[in-house]
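A quick write-up on the structure given underneath.
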Amino acid sequence: AQSIGEPGTQLTLRTFHGGGVALRIAESTSKNAEFSGIVSFENLSAAKRPDGLLVSLNDKGRMIIKTDGRKSGYNIPIGAIIYPKTKDKVETGAILFEWDPYSIPIVSSQGGLVKYSDIILGVTLQENWVDERSGGKQFVIVEDRVRKHHPKINIVDKNYKTLKSFSIPAGTYLLVKDGDKITPGTLIARIPKEIGKSKDITGGLPRVEELFEAKIVKNPAIVTEIDGICDVDEEKGLWKVTVTPEVGDARTYKIPTTRYLKVHSGEFVRAGDSLCEGAIDPHDILRIKGPMETQRFLVNEILEVYRIQDVKIDDKHIEVIVRQMLQRVKIEEPGNTPFVGGEIVDKRRVIEVNQQALVEGKKPATYRPILLGITRAALSTESFFSASSFQETTKVLADAAVEGKLDRLEGLKENVIVGRIIPAGSGLAEYRKLTLEEETAEAEVE
């Protein structure tokens, strides 16, 4: 924990220097081809506009450009306008797709008439003046105080049969009016991203600390636990998202209609994908995808914060810390071992005890990995020397005395404290007892 705490005092991200306006310029709005090649798409769900251009309907699509021996992939954001088609040849520098980085778009995959539902001026709809000189005004959805109304935009055919329905969360700007005729791929509304917040508050050290301390995320995204096809229904102010796998039972997730859904009926999702907007909780990733994927997620999320600020840090520095966060496990069934159910212990110790139990023909303990924040990970280490040098010294030493703990001096910190050679590099136990043959030969000659 000190290894991140100490440089954290000096590591000033550019948050404090750059103003909000300057940071907005840095957001790119288009992607250009790095080299010429043939275009193909993966996992793309798109609507075709009357002018022939495609509009992305999901954020899982990728554009692949291939040429002799080279391949490059680009993630396509939702609402992006895509210029090349499958098997088109693009030249170096050509614009591949454009998008609005400052809002989440709501795009209709169907053409038809716009029909408002529960969108009432003064109740769930508010008029906002955007520019007094040009007289521009925009309509924004606001939360109904009594929560009786659930604003929706329905796309209907000429017989007023609903083809597509969109739930509109509070804070959304409407881009179509009731009764408008639209074509597939039309942008019907946009949800502004909190630009200042995403860049300054979550984009700074507080976000890094939140990840390193493995804090419970506020309003986390709801994550699917299985691969499968989505089916979206609505009941009593909740979205009911049912994920049906090819084999096995379906899972149902209930999401408030005030939150923006990222998936739609018929879409394929993978375990660990978020179903609605919000930050993904690393504890969910650990539960669904396991420790390896959690480590990858944490390293990427932490480095992303620094990447936005143009600070380059090698992966290994973060990986060393993340490894320590996943060193502990929680005992579920103790079997015939000295552990207690629910006890949090070091993974290496459990493996050693389990191996011994198997040799003796006893039942080993079962356990599951847990994610600890760096402060807790440092305090719950096996060595009381190491823990006491960090925080809560009196408490750690008192607990060690009461339990009659033995410190085997296996780590770096405890060896530094008592003045021994640290077990790293040439100080590792297996190297300490080695003697070079050449040296002994020379000694014999003398």
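Residue 73 in the UniProt record's numbering sits at position 73 of the sequence shown, with consecutive numbering throughout.
Glycine residues also receive a C-beta, built at the ideal position from the N, C-alpha and C atoms.
Compare the C-alpha of residue i against each of the options and name the closest.
i, options, result
"Val-114", "Lys-148, Phe-166, Ile-76 and Glu-91", "Phe-166"
"Tyr-42", "Pro-50, Ser-56, Leu-53 and Ile-64", "It should be noted that the sequence gives Glu, not Tyr, for residue 42. The option with the nearest alpha carbon to Glu-42 is Ile-64."
"Glu-392", "Gly-404, Thr-375, Leu-406 and Glu-382", "Thr-375"
"Leu-326", "Gly-335, Phe-35, Leu-412 and Pro-291", "Pro-291"
"Ile-318", "Lys-330, Gln-309 and Glu-304", "Glu-304"
"Glu-91", "Gly-73, Thr-67, Ser-108 and Thr-257", "Thr-67"
"Ser-386", "Gln-356, Arg-70 and Glu-414", "Glu-414"
"Ser-108", "Tyr-74, Lys-87, Ala-189 and Lys-433", "Ala-189"
"Gly-69", "Gln-110, Glu-403, Gly-37 and Asp-88", "Gly-37"
"Val-208", "Gln-309, Arg-348, Tyr-83 and Val-39", "Gln-309"
"Thr-29", "Leu-57, Ile-78, Lys-48 and Lys-71", "Ile-78"
"Gly-185", "Lys-48, Thr-162 and Pro-282", "Lys-48"
"Lys-71", "Tyr-306, Phe-35, Ser-56 and Leu-44", "Phe-35"
"Gly-179", "Asp-157, Pro-84 and Thr-381", "Asp-157"
"His-260", "Asp-249, Gly-248 and Thr-172", "First, the residue type needs correcting, since residue 260 is Tyr and not His in the sequence shown. The residue with the shortest Cα to Cα distance from Tyr-260 is Thr-172."
Please check the pair residue i and residue j, which I expect to be a contact at CB under 8 Å, by giving their CB distance rounded to whole angstroms.
i, j, result
"Gly-61", "Ile-76", "4 Å"
"Tyr-253", "Ile-216", "Rounded, the Cβ-Cβ distance is 19 Å, inconsistent with contact."
"Ile-344", "Ile-313", "Actually they do not touch by this definition, with Cβ atoms about 30 Å apart."
"Thr-224", "Asp-273", "6 Å"
"Ile-422", "Leu-412", "5 Å"
"Asn-128", "Val-140", "5 Å"
"Glu-333", "Gly-341", "7 Å"
"Pro-220", "Ile-280", "7 Å"
"Ala-170", "Thr-257", "Not confirmed; about 10 Å, so no contact."
"Leu-409", "Val-418", "7 Å"
Between residue i and residue j, is the Cβ-Cβ spacing less than 7 Å?
i, j, result
"Asp-227", "Arg-270", "yes"
"Ser-103", "Lys-193", "yes"
"Ala-46", "Leu-54", "yes"
"Ile-155", "Gly-112", "yes"
"Lys-31", "Leu-96", "yes"
"Pro-101", "Thr-183", "no"
"Val-322", "Val-299", "yes"
"Val-241", "Leu-275", "yes"
"Asp-407", "Phe-384", "yes"
"Gly-335", "Ala-365", "yes"
"residue 451", "Ile-153", "It is not possible to answer for residue 451, since the shown part of the chain is limited to 1 through 446."
"Gly-373", "Glu-213", "yes"
"Glu-267", "Cys-230", "yes"
"Val-329", "Lys-347", "yes"
"Ser-40", "Thr-86", "yes"
"Val-251", "Val-243", "Per the sequence shown, the amino acid found at residue 251 is Arg instead of Val. Their beta carbons are under 7 Å apart, which means Arg-251 touches Val-243 by this criterion."
"Gln-110", "Lys-161", "no"
In this structure, what does DSSP give as the bridge partners for residue i?
i, result
"Arg-190", "Pro-105 and Tyr-173"
"Ile-155", "Val-114 and Lys-164"
"Glu-333", "Thr-366"
"Glu-235", "Leu-238"
"residue 448", "Lying before the first or after the last residue shown, residue 448 is absent from the chain, which here runs from 1 to 446."
"Phe-268", "Ile-229"
"Met-63", "Phe-41 and Tyr-74"
Count the C-beta pairs between the stretch 227-247 and the stretch 115-124 that are closer than 8 Å, then say yes if the count reaches three, no if not.
-> Touching, no.
Taking three-plus beta-carbon pairs below 8 Å as touching, is the stretch 424-432 in contact with the stretch 396-403?
-> Contact fails: fewer than three Cβ-Cβ distances are below 8 Å.
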